[in-house]
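Its first residue numbered 653, the sequence shown is counted upward by one per residue in our numbering. Idealized CB from N, CA, C, for every residue including glycine.
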Amino acid sequence: MQEQISNFYGLPQFMWEGIFNIIISLGAGLIIALITTFYLKRKDEVTRVEGLILEKRVNSMQEILNYLEKLCFHRELHNGRETEWHILLSSFELTLPNGPHLQYSDIFSNSQKFREFFKGFEGIIAKNKLWIDEKVKFHLALMQGYFSWINALLIAITRIPLPEDVELTEEDIDKLSNVILLQVGITLDAEINGLLAYLETLMVESIYKLDLRRPKKSMTRNGMLNIDMIKILKELDGNTLLGINREKYFSLLLLQVCRYKGVELDEEKFDDLIDKVFGYKDL
653 MQEQISNFYG
663 LPQFMWEGIF
673 NIIISLGAGL
683 IIALITTFYL
693 KRKDEVTRVE
703 GLILEKRVNS
713 MQEILNYLEK
723 LCFHRELHNG
733 RETEWHILLS
743 SFELTLPNGP
753 HLQYSDIFSN
763 SQKFREFFKG
773 FEGIIAKNKL
783 WIDEKVKFHL
793 ALMQGYFSWI
803 NALLIAITRI
813 PLPEDVELTE
823 EDIDKLSNVI
833 LLQVGITLDA
843 EINGLLAYLE
853 TLMVESIYKL
863 DLRRPKKSMT
873 RNGMLNIDMI
883 KILKELDGNT
893 LLGINREKYF
903 SLLLLQVCRY
913 KGVELDEEKF
923 DDLIDKVFGY
933 KDL
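Below, the structure is given as structure tokens:
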């Protein structure tokens, strides 16, 4: 019997053992090769996806920054009212980063330029929001809210309850909008530059720290009434000059409208009108 096993198919047992060992080694090698190939293909696919997302992200952020270059083009006020405006804005204790040299971004030159910029800004965010990370997206939403608050100031001009015999025409509204917008742009110039600089920092970080994790929640869920929007509103209200000084801006707005139309208000009526129109005591 032993002799039959030893000479199975005319080959001794040690040769069969060698063949089996070779087969086992080949099988193990094949399995390892398959696993390695699968892993490498998967890694190549992840690398390809990362490269695609990175390319899209860089292009999207570059497009956004190119658009926001409009904020970097500055002017200095030379309308013969520099001293008057400096005294007026200082009386409201608003920020004047350049002292008597009243500088502002070109988008605040008039209401038409600002509204075109704001509309375009909203459009470019909507176009590129799928490729930017959550931190950049949050900051862009913050900036979007910031400019929307400035736009709300212009809309508030039409809410001023003037005497029955006093009426604001379309021409009046345009002139007042241009004046208010320019004064707001002067006092917020440094803060807007800071918002833009921080956006650039976040964009650079999002490139070098590419995060492919899918966001758990959308910032536009529940009709914008969600924790992200609440954070943005709190940030705008408590940590920006625009939010902290918003009552001063509305007071400035009311003063300019009344002066323009020759309406005289004493201090008590002025304060009552602020509370009536904007309801700050209830906020």
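Among the options, the one whose alpha carbon lies nearest that of residue i
i, options, result
"Leu834", "Asn711, Asp880 and Glu734", "Glu734"
"Leu740", "Asp824, Glu816, Gly772 and Ile832", "Ile832"
"Ile776", "Gly797, Asp841 and Ser712", "Ser712"
"Asp880", "Glu816, Leu794, Leu820 and Met855", "Leu794"
Inter-residue spacing [alpha-carbon to alpha-carbon] between residue i and residue j
i, j, result
"Phe902", "Phe744", "11 Å"
"Leu814", "Asp785", "47 Å"
"Lys913", "Val818", "7 Å"
"Ile705", "Ser858", "11 Å"
"Glu736", "Leu729", "12 Å"
"Ile778", "Glu920", "One point to set straight first is that residue 778 is Ala, not Ile, in the sequence displayed. The alpha-carbon atoms of Ala778 and Glu920 are separated by roughly 45 Å."
"Lys861", "Thr853", "12 Å"
"Leu885", "Tyr719", "24 Å"
"Leu647", "Asn897", "Residue 647 lies beyond the stretch modelled for the chain, which goes from 653 to 935, so this question has no answer here."
"Ala804", "Leu905", "12 Å"
"Gln796", "Leu917", "35 Å"
"Leu692", "Tyr850", "A caution first: Leu692 carries a pLDDT of 48, below 50, which makes its placement in the model unreliable, though a value can still be read off. Straight-line Cα distance between these residues: approximately 38 Å."
"Arg709", "Lys789", "12 Å"
"Asn731", "Leu754", "11 Å"
"Ile812", "Tyr798", "22 Å"
CB of residue i within 8 Å of CB of residue j, strictly
i, j, result
"Gly846", "Phe760", "no"
"Asp826", "Ser763", "yes"
"Thr747", "Thr892", "no"
"Ile844", "Ser757", "yes"
"His738", "Pro752", "yes"
Reduced DSSP secondary structure (H/G/I, E/B, other) of residue i
i, result
"Leu917", "coil"
"Ser757", "strand"
"Leu692", "With a pLDDT of 48 at Leu692, under the threshold of 50, the modelled position of this residue cannot be trusted, and the question is left open."
"Lys823", "Position check: residue 823 holds Glu in this sequence, whereas Lys was assumed. The answer is helix: DSSP assigns Glu823 an H, G or I state."
"Leu794", "helix"
"Asn830", "helix"
"Thr853", "helix"
"Arg811", "helix"
"Val818", "coil"
"Asn750", "coil"
Chain C contact for residue i (CB, 8 Å cutoff)
i, result
"Leu893", "Among the protein chains of the structure shown there is no chain C, as only one such chain exists."
DSSP beta-bridge partners of residue i
i, result
"Lys726", "Going by the sequence as given, residue 726 is His instead of Lys. Answer by DSSP bridge pairing, in chain order: Ser757."
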